[in-house]
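Note that the sequence shown covers residues -20 to -1, 1 to 279 in mature numbering (1 follows the signal peptide of the UniProt record, and there is no 0).
For each residue, glycine too, the CB sits at the ideal point set by N, CA and C.
Predicted model, so just to flag it, every value in this text is computed and none were measured.
Have a look at the structure below, then the notes.
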Amino acid sequence: MRNVWAIVAACMMVPASALAQQAVPAINPNELPPPIPLLSNKVVPLGAKAAAGLRISQAWAGSHNLPTPGSNGAVQFRYGATLPTLVCAPLRVCDVRLQPGEVVKQINIGDSAEWQAIPAVSGDGSDAVTHVLIKPVNSGLSTDMVISTNRRTYTIQLISDRQRWMPVVSFQYPSDVQAAWAAYHAKMDKEQTDNLLPSGQSVAKLDFNYRLSGANPDWRPVRVYTDGTKTYIDFPDKMLVTTAPVLLALGSNGKTELVNYRVDGSVYIVDRVLTRAELIAGVGSGQRAVRIRYTGRRF
């Protein structure tokens, strides 16, 4: 106890002037050195070409091509139409969603100290989608970002707000629209080609309800059909180098009738709709006959 009182007494004996010397002096703001500017105040005069280029860039950046709603809540910009603006907030992640199959080569941010860009991937194979995840460290920031991919280059303006943000940003590509139309026309052309006979007739407009019976010679028809006005008998190509059969119509009484027809390559074209007919080649024991009968309900 005596030691404690001795320490207290010793402290009381220290002069007040000594304590005052140990105090931190007050700082006068007027005595501080001027701040060092981060950017130079020097202005470089712009020539006519530079001024014209600035006008073009400013017109593109200020274009009134507004974004539209995309899938899954995305803000969708039309690629190349204007300068996209991405608004982010601290403690939030903005997702820049690229085209399926697109691969990022390099990312450059004007203020890399205040902004982070992290890649992510969803999906597999050719359908894999690259996401560039953007995070600001503070609000009130403004810079730009350039994303270089294996297909194109994106230039995006970045702005950070205290609370407001865009969760997902995507793009609409003019090339996608062109590719969709090209695929559509190719599909239509293929369907039309698949539905055309060698004669150029559309299968959808023809009636193939004919049945063949009888012999099976090399020249036996491949198909028989009608367009409602004429009857067409398609033969295999080998018929061109063999004896062509004679076409006879069969009446309701079963008797044969001569019928007018013309030959176009390996096709017999009859100027009426046949319901019953017969193709005959050869004589005697070597004669071969193929019977044709219409089985549809049109006639």
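Asked, Found
"Limits of the beta strand (DSSP E) - the one that residue 298 falls within", "No information on residue 298 is available, as it lies outside the stretch -20 to 279 that the chain covers here."
"Rounded distance between the beta-carbons of I87 and V112, thought under 8 Å", "7 Å"
"CB of S119 within 7 Å of CB of S140, strictly", "yes"
"For R72 and K85, the rounded distance between their alpha carbons", "25 Å"
"Short Cβ contact (7 Å threshold) for E258 with L238", "no"
"Beta-carbon proximity of P80 to D107, cut-off 7 Å", "yes"
"Contacting residues, own chain, Cβ-Cβ under 7 Å from D214 (five flanking each side not counted)", "P201, V202, R203, S246 and V247"
"Residues near L(-2) by beta carbon distance below 7 Å, same chain, minus five either side", "Since pLDDT at L(-2) reaches only 47, below the 50 mark, its modelled position is unreliable, and the value read off the structure follows with that caveat. Nothing listed; no residue qualifies."
"Rounded straight-line distance, which links the Cα of L230 to that of P183", "Note that residue 183 corresponds to Val in the displayed sequence, not to Pro. Rounded to whole angstroms, V183 to L230 spans 26 Å at the Cα level."
"Where the alpha helix (DSSP H) through L34 begins and ends", "A28 to A41"
"Residue environment, W199, which counts as buried when at least 16 other CB atoms sit within 10 Å", "buried"
"For A100, the first and last residue of its enclosing beta strand (DSSP E)", "W95 to S102"
"Close-in-space but distant-in-sequence residues of the same chain around T135 (CB under 7 Å, 5 per side omitted)", "L63, D124 and V126"
"Helix, strand or coil at Q158 according to DSSP, with G and I counted as helix", "helix"
"Beta-bridge pairing of G194 - partner residues as DSSP gives them", "V270"
"CB of I272 within 7 Å of CB of V226, strictly", "no"
"Y212 versus A224: straight-line alpha-carbon distance, rounded", "15 Å"
"Whether C68 touches I114 by CB criterion (7 Å)", "yes"
"Same chain, Cβ closer than 7 Å to R191, five either side skipped, listed in chain order", "R273 and T275"
"Under 7 Å between C-beta atoms of residue 291 and N130", "There is simply no residue 291 to check, as the chain begins at -20 and stops at 279 in what is shown."
"Nearest residue (CA-CA) to L186, options S128, S122, V253 and A30", "V253"
"Cβ contact check for the region 137 to 154 and the region 50 to 60: 3 or more pairs under 8 Å", "yes"
"Extent of the continuous beta strand (DSSP E) run through P116", "V109 to P116"
"Buried or exposed by the 16-neighbour rule on C-beta atoms within 10 Å, applied to V(-13)", "Reliability of the predicted coordinates at V(-13) is poor, the pLDDT of 47 falling under 50, and no value is obtained from them."
"Identity of the residue in W161, W95, S102 and K170 nearest Q137 by Cα", "W95"
"Beta-carbon proximity of L66 to M168, cut-off 7 Å", "no"
"DSSP three-state assignment for L78, whether helix, strand or coil", "coil"
"Whole-angstrom distance between S232 and R277, CA atom to CA atom", "17 Å"
"Option nearest G42 by Cα separation, candidates A61, L26 and K29", "A61"
"G264 versus K210 - alpha carbon distance", "32 Å"
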